[in-house]
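Novice:
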Amino acid sequence: MSAAPRHPVELLPRATLRVRMGAHDAHYGGNLVDGARMLALFGDVATELLIRCDGDEGLFRAYDSVEFLAPVRAGDYIEVVGEIVKQGATSRTMRFEARKVISARGDLGPSAADALAEPVVVCRASGTCVTPKAEQRLAARPPLIVTAAIVGAETTRAQNPHLPHTAAELGAEAARCLAAGASIVHLHAREDDGRPSQSRELFRAAIAEIRRLAPGLIVQTSTGGAVGMSIDERTQPLTLDGEVRPEMATLNVGSINFGDDVFVNAPRDVVEVARRIRSAGIMPELEIYDLGHLDIVRKLVEAGEIAPPLHLQFVLGVRGALAASEANLGALVAATRDLPASTTWAVAGVGRHQLALAECAARWGGHARVGLEDNIYLDKGVLAEGSAPLVARLVAAAGAVGRKVATPAEARALLGLMVEAGA
Ligand code: KMH
Ligand code: ZN
14 MSAAPRHPVE LLPRATLRVR MGAHDAHYGG NLVDGARMLA LFGDVATELL IRCDGDEGLF
74 RAYDSVEFLA PVRAGDYIEV VGEIVKQGAT SRTMRFEARK VISARGDLGP SAADALAEPV
134 VVCRASGTCV TPKAEQRLAA RPPLIVTAAI VGAETTRAQN PHLPHTAAEL GAEAARCLAA
194 GASIVHLHAR EDDGRPSQSR ELFRAAIAEI RRLAPGLIVQ TSTGGAVGMS IDERTQPLTL
254 DGEVRPEMAT LNVGSINFGD DVFVNAPRDV VEVARRIRSA GIMPELEIYD LGHLDIVRKL
314 VEAGEIAPPL HLQFVLGVRG ALAASEANLG ALVAATRDLP ASTTWAVAGV GRHQLALAEC
374 AARWGGHARV GLEDNIYLDK GVLAEGSAPL VARLVAAAGA VGRKVATPAE ARALLGLMVE
434 AGA
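Note that the numbering used here has the sequence shown beginning at 14, numbered continuously upward.
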């Protein structure tokens, strides 16, 4: 059954319940609550997850693991969280955790209780539910758009010798990433000696090679460049036209500390870059490094400087901005609630959390960026031999949680980018 696309927040496959255990729940001596009560709560969370996912209560088929880890007593408050970790055509694999957040203190008095600074995990489980195809009433999760950030401005060959520099190397690496499952290449340029550059001519040569070797791949040029570059320098790739016109370009919406430097995006410059992107007929990708940047996005929309459909890139893990954690990503996605329903989001984890956050995006219905710009390792201590192995790793992780990856044509449709540049 086809249905309208859902708001990004509605795709978050998580649910939470908080319940006070009453005297009627205490089944054993010492006011102890039966473990089956936790399973009943997991059943309710599973049902909410199925309703959010499918618009139907579905059925619980089986638990594959249940662990009781601490006692629960009458008067305790239990918080139950559940998440869909894998989605097949009809099966939804879930994991659950029950935590005590308030503990009755019968030892101190009949009505004494403590709010616990650190919740105590009392039960964990995982299991599988099923929603028959005929009962699924909501749109399925969209295919995952994989962006390959193949070069960046900061990574050096001393850190990873597989970093591409020249147009030929950038084209070849983009082609490897397309073959591995990427649909967008996020592009910076380098002088032959590796120095970062936003030179129009270097971008022209690189995009020409990418269009030749990786036809169809969406080219997204950076307007961030490297720290310290002027706005005129940074926006040179926006002036490319014809066969080498980029379809997308980044718009960095706010300033942040950037390692030991400051990445300056003054309000008037953000508006100026947005205008240059718009007048070139290019779609901006909004680079979000902190929660407050979403407020800037709202103001830019209100001012008519950017217009839906919006595509957000949550860049997490820059030293000086929001850290690369699942909790921070969840907070950012939740904060998109008042943005238009057509909004899409992706995450670019900087450093060792890159693949973990990308896998999180795969589970949560978002999109993801991987590549040597943000992370040089495939595994701990193992350098990635270019960005393509990172793309391949993400594609495999997405498949394992039941998410296909988007072709460039599918990515264009999802982003609202209907016309292929240079086509
Ligand atoms: N190199 C960073 C200072 C972008 O491409 O728009 C900025 C950056 C963001 O990479
Ligand atoms: Zn970049």
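Quick reminder that beta carbons are idealized off the backbone N, C-alpha and C, glycines included.
Identify the continuous alpha helix (DSSP H) that holds residue 292 and give its terminal residues.
Specialist: Where residue 292 is concerned, the enclosing alpha helix (DSSP H) stretches over 280-292.
Novice: Regarding residue 240 and ligand 1, is the C-beta to nearest heavy atom distance less than 7 Å?
Specialist: Answer for residue 240: yes, Cβ within range of ligand 1.
Novice: So, is residue 201 buried or exposed, given that buried needs 16 or more other C-beta atoms within 10 angstroms?
Specialist: Residue 201 is buried by the Cβ-count criterion.
Novice: Does the contact criterion of 3 or more C-beta pairs under 8 Å hold for the region 398-408 versus the region 172-190?
Specialist: Verdict: yes, contact present.
Novice: Within the present structure, is the beta-carbon of residue 298 separated from the nearest heavy atom of ligand 2 by less than 7 Å?
Specialist: Checking the Cβ of residue 298 against ligand 2 gives no.
Novice: Under the criterion of a Cβ to heavy atom distance below 7 Å, does residue 440 qualify as lining ligand 1?
Specialist: The structure shown does not extend to residue 440, since the chain is modelled only from 14 through 436, so no value can be given for it.
Novice: For the region 57-76 and the region 119-134, state whether three or more C-beta atom pairs, one from each stretch, are separated by less than 8 Å.
Specialist: No: the two stretches stay apart, fewer than three of their Cβ pairs being nearer than 8 Å.
Novice: To which residues of the same chain is residue 364 closer than 8 Å at the C-beta, ignoring the five residues directly before and after it?
Specialist: Same-chain partners within the cutoff: 330, 337, 387, 388.
Novice: Given the structure, does residue 357 come close to ligand 1, in the sense that its CB is under 7 Å from one of the ligand's heavy atoms?
Specialist: Flag unset: Cβ of residue 357 not near ligand 1.
Novice: Using the Cα positions of residue 109 and residue 45, report the straight-line distance between them to the nearest angstrom.
Specialist: Roughly 21 Å separates the two Cα atoms.
Novice: Cβ-heavy atom distance between residue 166 and ligand 1 below 7 Å?
Specialist: At least one heavy atom of ligand 1 is nearer than 7 Å to the Cβ of residue 166, so yes.
Novice: Assign residue 37 to buried or exposed, taking buried as 16 or more other Cβ atoms, counted over all protein chains shown, within 10 Å of its Cβ.
Specialist: That one is exposed.
Novice: Extract the residue ranges of the beta strand (DSSP E) inside the region 24-97, only unbroken runs of 3 or more that lie entirely within it.
Specialist: Entirely contained in the region 24-97, the beta strand (DSSP E) runs reaching 3 residues are, in chain order, 27-33, 39-41, 72-81.
Novice: Determine whether the beta carbon atoms of residue 159 and residue 195 lie at a separation below 8 Å.
Specialist: Going by C-beta atoms, residue 159 is nearer than 8 Å to residue 195.
Novice: Closer than 7 Å to a non-hydrogen atom of ligand 2 - does that hold for the CB of residue 202?
Specialist: No, the Cβ of residue 202 stays beyond 7 Å of every heavy atom of ligand 2.
Novice: Starting from the C-beta of residue 47, find all residues in its chain whose C-beta is less than 8 Å away, skip the five residues before and the five after it, and write them out in chain order.
Specialist: Cβ neighbours of residue 47 beyond the five flanking positions: 38, 40, 41.
Novice: For the region 221-264, list the beta strand (DSSP E) runs that are entirely contained and at least 3 residues long, ordered along the chain.
Specialist: With a minimum length of 3 residues, the continuous beta strand (DSSP E) runs that stay inside the region 221-264 are 231-234.
Novice: Counting only beta-carbon atoms, is residue 203 nearer than 8 Å to chain C?
Specialist: In the structure shown, chain C does not exist; there is a single protein chain.
Novice: Distance check for residue 156 and residue 423, CA to CA, integer angstroms please.
Specialist: Going from the Cα of residue 423 to the Cα of residue 156 covers about 8 Å.
Novice: Which residues share a DSSP beta bridge with residue 144?
Specialist: Answer is none; residue 144 lacks a bridge partner.
Novice: Let's see if you can read the secondary structure: which residues bound the beta strand (DSSP E) around residue 120?
Specialist: No beta strand (DSSP E) holds residue 120; DSSP gives it neither H nor E.
Novice: Just the C-alpha distance for residue 215 and residue 79, rounded to the nearest angstrom, thanks.
Specialist: Approximately 57 Å between the Cα atoms of the pair.
Novice: Should residue 178 be counted as a contact of ligand 2 given a C-beta to heavy atom distance under 7 Å?
Specialist: Flag unset: Cβ of residue 178 not near ligand 2.
Novice: Going by C-alpha distance, which of 206, 207, 113 is nearest residue 134?
Specialist: Checked all of 206, 207, 113; the closest Cα to residue 134 is 113.
Novice: Give me the Cβ distance between residue 111 and residue 93, rounded to the nearest whole Å; I'm assuming they're in contact under 8 Å.
Specialist: Right, the Cβ-Cβ distance comes to about 5 Å (below 8 Å), so this counts as a contact.
Novice: Quick check on DSSP: helix, strand or coil for residue 105?
Specialist: In the structure shown, residue 105 sits in a strand (DSSP, three-state: E or B).
Novice: Can you find at least 3 beta carbon pairs, one from the region 244-254 and one from the region 162-175, that sit closer than 8 Å?
Specialist: Touching, no.
Novice: Which residue wins for smallest C-alpha separation from residue 306, given the options 332, 268, 258?
Specialist: Closest by alpha carbon: 268.
Novice: Using beta-carbon positions only, say whether residue 161 and residue 418 come within less than 8 Å of one another.
Specialist: No, they are not a contact pair.
Novice: Between which residues of its own chain and residue 102 is the CB-CB distance below 8 Å, once the five residues before and five after are set aside?
Specialist: So the list reads 146, once near-sequence residues are dropped.
Novice: Kindly list the residues whose CB is nearer than 7 Å to the CB of residue 22, restricted to its own chain and excluding five residues on each side of it in sequence; keep chain order.
Specialist: Cβ neighbours of residue 22 beyond the five flanking positions: 346, 347, 349, 350.
Novice: Output needed for residue 318: all residues of its chain with C-beta closer than 6 Å, excluding positions within five of it in sequence on either side, in chain order.
Specialist: Same-chain partners within the cutoff: 284, 287.
Novice: I need the boundaries of the beta strand (DSSP E) containing residue 401, first residue and last residue.
Specialist: That residue, residue 401, is in no beta strand (DSSP E); its alpha helix (DSSP H) goes 401-413.
Novice: Just how far apart, CA to CA, sit residue 281 and residue 262?
Specialist: Looking at the two C-alpha atoms, the distance is approximately 18 Å.
Novice: What do you get for residue 369, buried or exposed, if any count of 16 or more other CB atoms within 10 angstroms of its CB means buried?
Specialist: Residue 369 comes out exposed.
Novice: Say yes only if the C-beta of residue 199 is nearer than 7 Å to one or more non-hydrogen atoms of ligand 2, and no if none qualify.
Specialist: Yes, the beta carbon of residue 199 sits closer than 7 Å to at least one heavy atom of ligand 2.
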